[in-house]
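Down below is the structure, laid out as structure tokens.
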Amino acid sequence: MEALLQERAQPPDETGLATRFRAGDRAAFDEIVTLHRRTVYSVARRLLREHEDADEAAQVAFVKAWSARARFRGDAQLRTWLTRIVLNVSKSMLSARGAEHALPDESDRADPACTDPGVRIDRVRLRHELRRAIGGLPTRQQEVVMLKVYQDLTYLEVAEILELSAGAVKAHLHQAVSNLKRDLTEGRRMEKA
Amino acid sequence: MMDCASFENRLTEVLAGRTGDAPRQATLADLERHAKGCPECNGAGALVELAALPPEERDPMEVPPESYWEGFNASVARRLERAPAERPAGRWRGAAAAAAVVMALFSGWFLRGWFDPGMTPEPPVAAVGEDPGAPDWSRLDEVIRQATPDELAEALRGLPGGWTGIEASSWTLDETGLGGEWLPDTDELGEIDRSELMEWLDQMDQSERRPTS
Chain A
1 MEALLQERAQ
11 PPDETGLATR
21 FRAGDRAAFD
31 EIVTLHRRTV
41 YSVARRLLRE
51 HEDADEAAQV
61 AFVKAWSARA
71 RFRGDAQLRT
81 WLTRIVLNVS
91 KSMLSARGAE
101 HALPDESDRA
111 DPACTDPGVR
121 IDRVRLRHEL
131 RRAIGGLPTR
141 QQEVVMLKVY
151 QDLTYLEVAE
161 ILELSAGAVK
171 AHLHQAVSNL
181 KRDLTEGRRM
191 EKA
Chain B
194 MMDCASFENR
204 LTEVLAGRTG
214 DAPRQATLAD
224 LERHAKGCPE
234 CNGAGALVEL
244 AALPPEERDP
254 MEVPPESYWE
264 GFNASVARRL
274 ERAPAERPAG
284 RWRGAAAAAA
294 VVMALFSGWF
304 LRGWFDPGMT
314 PEPPVAAVGE
324 DPGAPDWSRL
334 DEVIRQATPD
344 ELAEALRGLP
354 GGWTGIEASS
364 WTLDETGLGG
374 EWLPDTDELG
384 EIDRSELMEW
394 LDQMDQSERR
404 PTS
């Protein structure tokens, strides 16, 4: 557990900002939006796939955060608190439209770091294969994979967002890896058969 | 060569960004070797490939142009300006939810034995001719005052979908958490404030809140 706690350097101290925000300071809120809008948007985008939906979810999440500012606990990081809000907003949107809870299917559209066509094709294949397998995981495992592997949050952050213990997050991730390994191996067997 | 259990453990650590004492590249090479040689793990080569990528390249997204971010705060501000007009509907949903919480508490499937843990609880009081499951609203305030946040949250978990006409999806804590679509004013139901609950109930139509005798 100690290792988990030391996993990543502490984020910048936002105590003062959070205090002003809780007191209803709109300028502080604006600063918070600026600081965290990309994170909030990216979580929504991973879940909802389309920019328009992610934009909607991100904006709604910030409005809800403002409405709930009095309940923001100082012991949580703003980033994790906001991530939890946007995760719930996105899930509600998915639920409302009856969509599967899945990672976005946009690998053909963007890969700024990769210019080699061969590597790019390999990565597209890889992402499609993984996306299909991840889509078959239980929802909680999907969330852990999304937040830990793709959003690169710490175990403690994921735990705070999902309201689990860090140990439980680790267990979900391990179980997800085990399930993915089995599913992917089975998939390759079937391809060969 | 590592065994399959060690492979899963180390693969999980690498995907999580941790490699212990071993250099990352060496760990990835070990994992790749195992995946290629093991019939039970060879599909996990895709996960090893994923782990080898920096997180930002694992599932890259189209990044909105800078102009989008320049207008983002203003869009949020505009929504906030509109929020007061939307508030009554939200508060009404909150009131319905609060009523449902109380219904849950009174229905007995959560608070059995809570008032007096040593005794078998009495069923909810109901007048002759009334639905025997109907709550005794006269004890409503007492229930709200005494219930702990955890108990309120637990009561919500047990609620049947559709009781107040709100979709069943409203009745899980996940759905009704901070970002819950249906309960914008009851964020963090696990920490619901009793006075707010009372406020919501006060706003409800009295005829709905208390059965006519």
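Residue numbers (our numbering), protein chains in the order written: chain A, 1 to 193; chain B, 194 to 406.
Virtual Cβ for every residue (Gly too), placed ideally from N, Cα, C.
Please read all numbers here as calculations on a predicted model, not as lab measurements.
Residue i by DSSP, collapsed to three states: which one?
i              : result
residue 197(B) : helix
residue 212(A) : Residue 212(A) falls outside the range modelled here, since chain A spans only 1 to 193, and no answer is possible.
residue 24(A)  : coil
residue 256(B) : coil
Considering Cα atoms alone, identify which of the options is closest to residue i.
i              : options                       : result
residue 76(A)  : 142(A), 189(A), 156(A), 41(A) : 156(A)
residue 228(B) : 220(B), 241(B), 219(B)        : 241(B)
residue 126(A) : 236(B), 269(B), 257(B)        : 236(B)
residue 186(A) : 159(A), 132(A), 81(A), 166(A) : 132(A)
residue 163(A) : 19(A), 81(A), 44(A)           : 81(A)
residue 265(B) : 173(A), 35(A), 87(A), 85(A)   : 35(A)
residue 73(A)  : 91(A), 23(A), 147(A), 86(A)   : 23(A)
residue 184(A) : 171(A), 149(A), 137(A)        : 137(A)
residue 31(A)  : 275(B), 263(B), 274(B)        : 263(B)
Evaluate residue i with the Cβ neighbour count: other Cβ atoms within 10 Å of its Cβ, from every protein chain shown; 16 or more gives buried, anything less gives exposed.
i              : result
residue 54(A)  : buried
residue 192(A) : exposed
residue 252(B) : buried
residue 282(B) : Any reading at residue 282(B) is ruled out, since the residue's pLDDT is 41, under 50, leaving its predicted position unreliable.
residue 206(B) : buried
residue 92(A)  : buried
residue 27(A)  : exposed
residue 146(A) : buried
residue 143(A) : buried
With a threshold of 7 Å between beta carbons, is residue i in contact with chain A?
i              : result
residue 267(B) : no
residue 220(B) : no
residue 208(B) : yes
residue 272(B) : yes
residue 224(B) : no
residue 263(B) : no
residue 201(B) : yes
With a threshold of 7 Å between beta-carbons, can residue i be considered close to chain B, or not?
i              : result
residue 79(A)  : no
residue 153(A) : no
residue 165(A) : no
residue 172(A) : no
residue 149(A) : yes
residue 14(A)  : no
residue 108(A) : Bear in mind that a pLDDT of 49 at residue 108(A), under 50, signals an unreliable position, so the number given afterwards is only what the model happens to contain. For residue 108(A), the answer is no, since every Cβ of chain B falls outside 7 Å of its Cβ.
Chain D beta carbons: is any one of them nearer than 7 Å to that of residue i?
i             : result
residue 64(A) : No chain D appears in this structure, whose protein chains are A and B.
(message) Beta carbons nearer than 7 Å to chain A: which residues of the stretch 237-255 of chain B have them?
(response) 237, 239, 240, 242, 243, 248, 250, 251, 252, 253, 254, 255
(request) Mind checking the stretch 29-50 of chain A against chain B and listing, in chain order, the residues whose C-beta falls within less than 9 Å of any C-beta there? (result) 29, 30, 33, 34, 37, 38, 41, 42, 45, 46
(message) If the cut-off is 7 Å on Cβ atoms, which residues from the stretch 49-76 of chain A count as contacting chain B, listed in chain order?
(response) 51, 59, 61, 62, 63, 64, 66, 67, 68, 71
(request) Pull out every residue of the stretch 125-138 of chain A whose Cβ sits closer than 7 Å to any Cβ of chain B, in chain order. (result) 126, 127, 129, 130
(message) Counting only Cβ-Cβ distances shorter than 9 Å, please list the residues of the stretch 177-189 of chain A near chain B, keeping chain order.
(response) The stretch 177-189 of chain A vs chain B, Cβ under 9 Å: 177, 178, 180, 181, 182, 183, 184, 185, 186, 187, 188, 189.
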